[in-house]
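The sequence shown begins at 3 in my numbering and counts up by one.
Here the structure is laid out as structure tokens; the discussion comes afterwards.
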Amino acid sequence: MVDGWLDYTLRTVALGAALLGGMSGALGAFVFLRRQSMAGDAIAHATLPGVVLAFLLTGQREPQLLLLGAALAGSAGVLLWMAITRWSRVKQDSALGIVLSTFLGGGVLLLNLVQNRPGAYQAGLNHFLFGQAATLLSRDVAILAAGALGVGLLLLLFWKEFQLLSFDRPFGASLGWPMQRLDIGFTLLVVAVIVLGLQSVGVVLMSALLVAPAAAARQWVDGLGAMVLLAAALGAVAGVSGTLLSALWAGLATGPLIVLCASILVLVSLLWAPRRGIVWRQLDRLAAQARLR
């Protein structure tokens, strides 16, 4: 493992995965508290047709062009979801299902059309489904670092606004804050983080990286600040752990391993976290019964 850690490629991928996990965990804490975990899933799936359409329109597989298409499609999915919720009687969960299924179905259809075209130049677009973290380069890590810095600065700048958005939106509106615009801005920030993670963990798994570290952190702490910091740390740990495991066992994809490591952190937290963990609650119950007897 030490020899592997000295490898430049492994260090690059691990650093990129840590940055992605950190900013996903920090932003995912607000997504989790707003009970919009499925929104991340819908947004991630909505980016797929944008990737394929960007390739069809340009004929190139430049990551910047494909990610720009993903960002535009994800933003369109967000606006469609909000429009359905606001201007119709369809509830949020149903609107999410509509957006998710429509955009994912369209993306898979376009992907099949592209893959059936002659020539091998279009090969590799399906990697956006499950990611290909092992292909991260130094420039990709630099983009992830800039994204993580931007997410951190925006969270600090709009800390109290995002608090109101997460806990008491009507109160924020009564104070005169533009809650609708803040909601759109926050969701577009989630879109940006999801787009940055497509190359690493893909469309299907990116939503898990948003929710899992936040769900694990919530079991250990009460305060919002502590939860955001812990979720960022757990996301980074999951990223590095998944990268190391994929290096130890050849043939295992890095993105799914990162998500599995995040899921293990959630399972451990659900079982052993003080006060909220299942095991601790059971021990407290037994102790209370013993005192009662």
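Glycine included, each C-beta is placed from N, C-alpha and C at the ideal position.
Could you check what DSSP says for Lys-162 in three-state terms: helix, strand or coil?
In the sequence shown, residue 162 corresponds to position 160, counting from 1. Three-state DSSP puts Lys-162 in a helix.
Measure the Cβ-Cβ separation of Phe-195 and His-47 and say whether it is below 8 Å.
For the purposes of this step, residue 195 is taken as the residue at position 193 of the sequence shown. For the purposes of this step, residue 47 is taken as the residue at position 45 of the sequence shown. Note that residue 195 is Val in the sequence shown here, rather than Phe. No; because the gap between Cβ atoms is not below 8 Å, this pair is not in contact.
Does Arg-88 come out as helix, strand or coil in the three-state DSSP assignment?
One-based indexing of the sequence shown puts residue 88 at position 86. Arg-88: helix per DSSP, three-state reduction.
Using the rule of at least 16 other Cβ atoms within 10 Å of the residue's Cβ for burial, across every protein chain shown, is Ser-248 buried or exposed?
Working through the sequence shown from its first residue, we reach residue 248 at position 246. Ser-248 is buried by the Cβ-count criterion.
From which residue to which residue does the alpha helix (DSSP H) around Ser-255 run?
The residue labelled residue 255 in the question sits at position 253 within the sequence shown. Note on identity: in this sequence residue 255 is Ala, with Ser being the wrong assignment. From DSSP, Ala-255 is part of no alpha helix (DSSP H); its letter is neither H nor E.
To the nearest angstrom, how far is the alpha carbon of Leu-70 from that of Leu-59?
Position 68 of the sequence shown, counting from 1, holds the residue named residue 70. Position 57 of the sequence shown, counting from 1, holds the residue named residue 59. Roughly 12 Å separates the two Cα atoms.
What does a CB cutoff of less than 6 Å around Arg-36 pick up in its chain, not counting 5 residues either side in sequence?
Position 34 of the sequence shown, counted from the start, is the residue given in the question as residue 36. Correct list, in chain order: Ser-168.
For the alpha helix (DSSP H) that contains Thr-49, what are its first and last residues?
Looking up residue 49 in the sequence shown gives position 47. From DSSP, Thr-49 is part of no alpha helix (DSSP H); its letter is neither H nor E.
Beta-carbon separation of Leu-207 and Val-270 under 8 Å?
For the purposes of this step, residue 207 is taken as the residue at position 205 of the sequence shown. For the purposes of this step, residue 270 is taken as the residue at position 268 of the sequence shown. Their beta carbons are not under 8 Å apart, which means Leu-207 does not touch Val-270 by this criterion.
Which residues mark the beginning and the end of the alpha helix (DSSP H) in which Trp-282 is found?
For the purposes of this step, residue 282 is taken as the residue at position 280 of the sequence shown. Start and end: 280-294.
Per DSSP, what kind of secondary structure is Leu-2 in: helix, strand or coil?
Because the chain in this structure spans residues 3 to 295, residue 2 falls outside the shown range and cannot be described.
How about Leu-236 and Ala-219: do their beta carbons lie closer than 8 Å?
As a working note, residue 236 is residue 234 in the sequence shown. As a working note, residue 219 is residue 217 in the sequence shown. Closer than 8 Å, so yes.
Given a cut-off of 8 Å on the beta-carbon distance, is the pair Leu-29 and Leu-285 in contact?
In the sequence shown, counting from the first residue as 1, residue 29 sits at position 27. In the sequence shown, counting from the first residue as 1, residue 285 sits at position 283. It is not a contact, given that the beta carbons lie outside the stated cut-off.
Counting C-beta neighbours from all protein chains within 10 Å, is the total for Trp-83 16 or more, i.e. buried, or is it exposed?
Position 81 of the sequence shown holds residue 83. Under this definition Trp-83 is a buried residue.
Looking only at its own chain, which residues have a Cβ that is under 7 Å from the Cβ of Gly-108, when we skip the five neighbours before and after it?
To locate residue 108, count along the sequence shown from 1; it is residue 106. Only Pro-51 meet the Cβ criterion.
Sort Ala-41, Phe-32, Ser-77 and Phe-57 by Cα distance to Thr-49 and report the nearest one.
The residue you call residue 49 lines up with position 47 of the sequence shown. For Thr-49, the nearest C-alpha among the options comes from Ser-77.
Give every residue of the same chain whose Cβ lies closer than 7 Å to the Cβ of Ala-122, excluding the five residues on either side of it in the sequence, and list them in chain order.
Start at 1 with the first residue of the sequence shown, and residue 122 comes out as number 120. No answer about Ala-122 holds up, because its pLDDT of 47 lies below 50 and its placement is not dependable.
For the alpha helix (DSSP H) holding Arg-119, just list the boundary residues, first then last.
Sequence index remark: in the sequence shown, residue 119 carries index 117 (1-based). Note, Arg-119: premise wrong, no alpha helix (DSSP H); not H, not E.
Put Leu-74 into one of helix, strand or coil per three-state DSSP.
By 1-based counting over the sequence shown, the position of residue 74 is 72. Of the three classes helix, strand and coil, the one that applies to Leu-74 here is helix, per DSSP.
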